[in-house]
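Below is one structure; the comments refer to it alone.
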Amino acid sequence: FPAPVGGVTLRTHDLVPSIVFLVAYCCLIPVMLYRIIDKKSRTTIFIGTNAFVIERVVLFCLRTIVSAKEGRESDAVTEYMQVTIGMGFVAIAQDVANLLRSMLVNSTYEYPRPDARAPELITPSEDAGWSCGLPLSAVPSLAQETKLPDMPRHRFWWRRFIDATTVLFIISIITGFIGNSLLVIQRHDRNKTYINQAYRYISTVLVLWITVALVIVSVWAKFKMPRVDQRSNGFMIYLSILLCITGIYRSYAMSNITTELSSQAPGSLNTPADKTTFYIFHILPEWMAAATLFGFRMREIFQTGLSGDNRWRDERPDEREDR
């Protein structure tokens with residue numbers, strides 16, 4: 001049957017790294033709370049990452065307790081760990097996709113605006129036509145431009161692109177939860193194991209494709225869309241690559257087969273080399289992505305406003321008047 005990603009929790013291999021990452025994620029909690037409290041950096045875009053960080057604290061607290069005395073890990077605990085380990089980078093990837101939406105949509109608005117007061121920030125509360133604020137200083141390459149036309153069709157299709165990824169994320173969450181939650185309890189049933197493994201692959205590969213697409217779009221935008229803020233685009237490429245690393249590792253790890261959960265034979269994902277690879281290529285990139293999202297003022301860098309760009313389309317003039 002498929003070996004659990006990260007293996008089972010062993011004192012010799014998991015105690016120290018579990019403590020290290022428990023401390024690392026606990027250090028993110030104060031920064032996360034500050035971003036929530038501070039009006040200048042508060043944004044609802046990172047709800048998924050907020051939940052992810054809290055869940056990782058619970059996960060590594062549990063792994064520390066279990067690895068302190070071997071024999072404590074039950075099938076139920078193993079299944080819980082598989083679900084939370086598998087779903088973590090999905091939550092971050094969805095938040096990063098929403099950042100990309102804000103970045104791309106912001107680049108399509110007319111400048112200077114007919115009703116602009118100056119190159120100061122225009123927020124969504126001042127004009128619903130702008131789902132995210134966009135000061136001239138946010139796009140240094142535009143400083144020499146006298147006029148930039150509005151691009152409503154581009155804006156429409158960038159929104160549809162991210163909407164499509166949202167549907168894929170939902171499919172990934174559903175299939176990942178089903179496959180990982182039943183992996184251990186149904187491991188001795190060959191047919192059910194095959195189905196659960198297929199669900200796990202669907203979940204991981206979908207998110208991997210999305211993160212690769214985010215990298216491709218961001219790199220393309222860097223060279224083909226001079227209106228895109230290059231600083232935010234740099235963050236986008238960096239974050240997407242980190243998530244690709246986790247996705248690639250998971251795709252490899254899920255191909256391993258074992259005969260017993262506690263086996264330390266090759267392919268069990270319980271050997272020292274397997275554990276080291278797991279923490280470096282799965283857990284570390286996730287932490288780096290979360291630390292980046294909370295460590296910098298992403299609301300200011302990506303000009304997301306409080307809730308980012310969440311419109312299906314631009315408001316019509318009559319709708320704006322009614323509002």
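For the sequence shown, the residue numbers in full-length UniProt numbering are 1 to 323. Don't be surprised by glycine CBs; every beta carbon is placed ideally from N, CA and C.
For the alpha helix (DSSP H) containing M225, list its first residue and its last residue. Your numbering for residue 225 matches position 225 in the sequence shown. Element bounds for M225: n/a, residue is neither H nor E.
Below 8 angstroms on the Cβ atoms is my guess for Q264 versus N270; work out the distance and round it to an integer in Å. Position 264 of the sequence shown holds residue 264. Position 270 of the sequence shown holds residue 270. With a Cβ gap of about 5 angstroms, Q264 and N270 count as contacting.
Using 8 angstroms as the threshold, is the C-beta distance between R63 and T108 below it? For the purposes of this step, residue 63 is identified with residue 63 of the sequence shown, where counting begins at 1. For the purposes of this step, residue 108 is identified with residue 108 of the sequence shown, where counting begins at 1. Not in contact: R63 and T108 (Cβ atoms no closer than 8 angstroms).
My assumption, with CB atoms under 8 angstroms, is that G48 sits in contact with A3. Please give the rounded CB distance. Walking along the sequence shown from the start, residue 48 turns up at place 48. Walking along the sequence shown from the start, residue 3 turns up at place 3. Their Cβ separation, rounded to whole angstroms, is 27 angstroms, which puts G48 and A3 out of contact at 8 angstroms.
Need the endpoints of the alpha helix (DSSP H) that L284 sits in, please. For the purposes of this step, residue 284 is taken as the residue at position 284 of the sequence shown. Where L284 is concerned, the enclosing alpha helix (DSSP H) stretches over L284 to G295.
Does the segment 81-100 come close enough to the segment 183-203 to have 3 or more Cβ pairs within less than 8 angstroms? yes
Measure the alpha-carbon distance for A291 versus S240 and round it to whole angstroms. Mapped onto the sequence shown, residue 291 falls at position 291. Mapped onto the sequence shown, residue 240 falls at position 240. Straight-line Cα distance between these residues: approximately 14 angstroms.
Given R187, which residues of its chain have a CB within under 7 angstroms of its CB, disregarding the five upstream and five downstream residues? Taking the first residue of the sequence shown as position 1, residue 187 is located at position 187. For R187, where only same-chain residues beyond five positions count, the Cβ hits under 7 angstroms are F1 and T193.
Determine the burial state of F235: buried for a count of at least 16 other Cβ atoms within 10 Å of its Cβ, exposed for fewer. Counting from one through the sequence shown, the residue named residue 235 turns up at place 235. It counts as buried.
I185 by DSSP, collapsed to three states: which one? Position 185 of the sequence shown, counted from the first residue, corresponds to residue 185. Three-state DSSP puts I185 in coil, outside helix and strand.
Consult DSSP for P2 and reduce its assignment to one of helix, strand or coil. What you label residue 2 is simply residue 2 of the sequence shown in a count that begins at 1. P2: strand per DSSP, three-state reduction.
Compute the distance between the beta-carbons of G308 and N50, then report whether it is under 8 angstroms. Reading the sequence shown from its first residue, position 308 is the one you call residue 308. Reading the sequence shown from its first residue, position 50 is the one you call residue 50. Against a cut-off of 8 angstroms, the Cβ pair of N50 and G308 comes out as no contact.
So F60 packs on L293, CB below 8 angstroms; how close in whole Å? As a working note, residue 60 is residue 60 in the sequence shown. As a working note, residue 293 is residue 293 in the sequence shown. Actually they do not touch by this definition, with Cβ atoms about 19 angstroms apart.
Between the Cα of T101 and those of I19, V57, C26 and I162, spot the shortest distance and give me the residue it belongs to. Looking up residue 101 in the sequence shown gives position 101. Per the sequence shown, the amino acid found at residue 101 is Arg instead of Thr. That would be I162, whose Cα lies nearest to the Cα of R101.
For the putative contact between I210 and L242, defined by C-beta atoms under 8 angstroms, what is the C-beta separation to the nearest angstrom? Sequence index remark: in the sequence shown, residue 210 carries index 210 (1-based). Sequence index remark: in the sequence shown, residue 242 carries index 242 (1-based). No, I210 and L242 are not in contact; Cβ-Cβ is about 14 angstroms, not under 8 angstroms.
Minimum C-alpha distance to I283 - residue among I19, N233 and R297: Indexing the sequence shown from 1 puts residue 283 at position 283. Considering only alpha carbons, the answer is I19.
Those residues which DSSP pairs with I257 across a bridge: The residue you call residue 257 lines up with position 257 of the sequence shown. Partner(s): P2.
C-beta contact flag for A221 and V215 at 8 angstroms: Position 221 of the sequence shown, counting from 1, holds the residue named residue 221. Position 215 of the sequence shown, counting from 1, holds the residue named residue 215. Taking 8 angstroms as the Cβ cut-off, A221 and V215 do not qualify as a contacting pair.
If you run the structure through DSSP and keep just helix, strand and coil, what is Y279? Here residue 279 is taken as the residue at index 279 of the sequence shown, counted from 1. Y279 falls in the helix class under three-state DSSP.
Between which two residues does the alpha helix (DSSP H) carrying P30 extend? Counted from its first residue, the sequence shown places residue 30 at position 30. R11 to I37 is the span of the alpha helix (DSSP H), which, as asked, contains P30.
What does a CB cutoff of less than 7 angstroms around S181 pick up in its chain, not counting 5 residues either side in sequence? In the sequence shown, the residue the question calls residue 181 occupies position 181. Taken in chain order, the residues that qualify are E79 and V83.
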